Amino acid sequence: MNAVATALWAVYRSESFRFFRTAHQGGGYKMTASTFDEIRQVLREHQRFAILGHVRPDGDALGSQLALALSLQQLGKDVRVWNEDGILEKYSFLPRSELLTKPPATAEDVDVAIALDTAIQSRLGTVLAAIRSAKIWINIDHHLSNPGYGDMVIVDPSAPATGEIIFRLIKSQGLPLNHDIAENLYVAISTDTGSFQYPKTSARTFEIAAELVRVGSLDVGKISQQLYESHPRRRLELLRELLRTMRFEFGGRAASFSLTLKTAADLAVLPEDNEGLIDHLRAIRGVVVAVFFEELADGKVRVSMRSKDEAVDVCAICQKFGGGGHTLAAGARVRGSLAEVEGKVLEEIRGVLERKS
Ligand code: 5GP
Ligand code: MN
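Under this note's numbering, the first residue of the sequence shown carries the number 2, and numbering increases by one thereafter.
If you want it as structure tokens, here you go:
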């Protein structure tokens with residue numbers, strides 16, 4: 002970047018950063034502190050990249066990371082793709098999934114670190130320690146609760162998936178897009194929209210999906226089967242146990258179930274096995290808030306929350322417990338026993354539902 006561009010960029014960024022913070026406190030605005038053109042310039046001018054995603058990754062994080070990595074590789078860049086857990090068994094069908102690894106034990110220098118789909122930097126987990134130095138940190142995400150960490154920030158809460166933002170970056174800047182990239186982006190968008198069902202799914206989402214299917218000659222049936230009809234049997238065994246603990250509160254407007262460490266060990270489930278099971282609770286008529294409590298080995302409980310009503314903001318509820326996410330899907334890790342955390346969280350939900358009614 003030449004000196005003039007650098008200076009202009011710094012001014013622009015600081016202005017937008019202020020706007021970003023104000024907008025964020027007001028809630029619900031589109032928050033873009035950097036432009037795709039600026040990101041493109043940084044991508045062009047540097048060689049060594051680390052593309053990072055959050056702990057307990059989902060299809061959006063993994064697909065977005067692989068898509069951007071493959072596009073940069075096509076440009077001849079040197080790209081590392083890291084997350085704390087590496088690739089998950091259920092996403093191992095993703096094109097070039099072998100690129101995604103756990104971070105190395107010895108920290109490395111890179112020119113640019115790019116965090117994708119990661120609401121707060123600490124959700125990068127062990128990946129954070131693997132970057133010894135990076136000249137520039139880029140933060141691309143769609144979580145409303147993202148505070149805008151990093152040197153360059155694109156946070157667009159109107160996007161139903163980070164994959165949609167990556168598509169727009171690739172498309173607007175003429176970056177490489179081939180079959181493998183298209184399939185990774187399609188998976189990112191399909192999984193984070195609940196198969197094109199959640200409210201942020203827009204005409205633009207379908208247009209992007211259509212373009213990905215066309216450009217990549219994607220076999221949608223095959224991808225869907227790999228995503229939604231290839232579960233290990235133990236996932237259903239887990240669901241059976243969770244349903245035994247299902248309870249309803251507040252006139253049936255809240256539904257929850259819980260997983261103890263013992264049940265998880267008895268069934269030999271992997272953390273990834275429970276992704277999406279909470280949807281069974283959300284799908285019940287009359288339920289506004291669904292909660293999944295999962296006992297963790299570190300003395301905390303993972304709380305996963307869903308809402309069916311924009312007026313019941315589960316991101317705000319989870320933020321009270323140190324978590325975050327989106328208005329209709331959020332989470333937190335809360336210290337305490339399962340019973341304590343269930344009590345505290347349900348009490349908070351009671352307050353929100355009572356204020357609403
Ligand atoms: P899930 O319930 O599927 O784990 O997560 C739902 C949403 O909430 C995701 O977008 C995720 O990024 C966010 N989320 C889940 N757990 C946490 C957490 O502990 N902290 C923050 N900040 N966000 C979380
Ligand atoms: Mn996402």
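For glycine and all other residues, C-beta sits at the position ideal for the given N, C-alpha and C.
This structure is a prediction, so every number in the text was calculated from the model and none was measured.
- Beta-bridge pairing by DSSP links Gly-300 to no other residue.
- Secondary structure in the stretch 96-183: the beta strand (DSSP E) runs of 3 residues or longer, each lying completely within the stretch, are 109-117, 132-142 and 153-156 in chain order.
- Contact between Asp-142 and Thr-163 holds: CB atoms are separated by about 6 Å, below the 8 Å threshold.
- Spatial neighbours of Thr-264 in its own chain (CB-CB distance under 7 Å, excluding positions within 5 residues in sequence) are listed in chain order as Glu-242.
- Counting other Cβ atoms within 10 Å of its Cβ, Arg-303 reaches 16 or more and is therefore classed as buried.
- In this structure, Leu-117 lies away from Leu-44, with their beta-carbon atoms at least 9 Å apart.
- The shortest C-alpha to C-alpha distance from Arg-97 to any of Ala-340, Leu-89, Leu-67 and Thr-107 is the one to Leu-67.
- Distances between the C-beta of Asp-59 and the heavy atoms of the ligand 5GP include at least one below 8 Å.
- Residue Leu-329 holds the alpha-carbon nearest to the alpha-carbon of Arg-283 among Lys-321, Leu-271, Leu-329 and Val-154.
- When C-alpha distances from Thr-36 are compared across Glu-184, Asn-140 and Leu-228, the shortest belongs to Asn-140.
- When the five nearest sequence neighbours on each side are left out, the beta carbons in the same chain lying within less than 7 Å of the beta carbon of Gly-64 are those of Leu-95, Gly-164, Asn-185, Leu-186, Val-188 and Ala-189, in order along the chain.
- Pairwise C-beta distances place the stretch 286-293 out of contact with the stretch 319-328, as fewer than three of them are shorter than 8 Å.
- Val-270 sits in coil when the DSSP states are folded into three classes, being neither helix nor strand.
- Positions of the beta strand (DSSP E) runs, each at least 3 residues long and wholly inside the stretch 239-295, are given as 248-250 and 255-260 in order along the chain.
- Per the Cβ contact rule, the stretch 80-92 is in contact with the stretch 117-129 (3 or more Cβ pairs under 8 Å).
- The way I'd put it, the stretch 219-230 doesn't touch the stretch 243-263; fewer than three beta-carbon pairs between them come closer than 8 Å.
- With a cutoff of 9 Å on beta-carbon distance, Glu-109 and Ile-88 are scored as not near each other.
- Relative to the Cα of Ile-279, the nearest Cα in the group Thr-246, Ala-298 and Glu-311 belongs to Thr-246.
- In its chain, beyond the 5 residues on either side, Ala-114, Gly-151 and Asp-152 have a beta carbon closer than 6 Å to the beta carbon of Trp-138.
- Lys-136 is positioned such that its CB atom lies closer than 9 Å to that of His-47.
- Cβ-Cβ distances below 7 Å link Gln-174 to Phe-37 and Arg-41 in the same chain, with the five nearest sequence neighbours on each side left out; the list follows chain order.
- Between Leu-239 and Asp-267, the beta carbon gap of about 10 Å keeps them out of contact (Cβ cut-off 8 Å).
- Residue burial is scored here from C-beta neighbours: Val-315 has at least 16 other C-beta atoms within 10 angstroms and is therefore classed as buried.
- For His-55, the shortest C-beta to heavy atom distance toward the ligand 5GP is below 8 Å.
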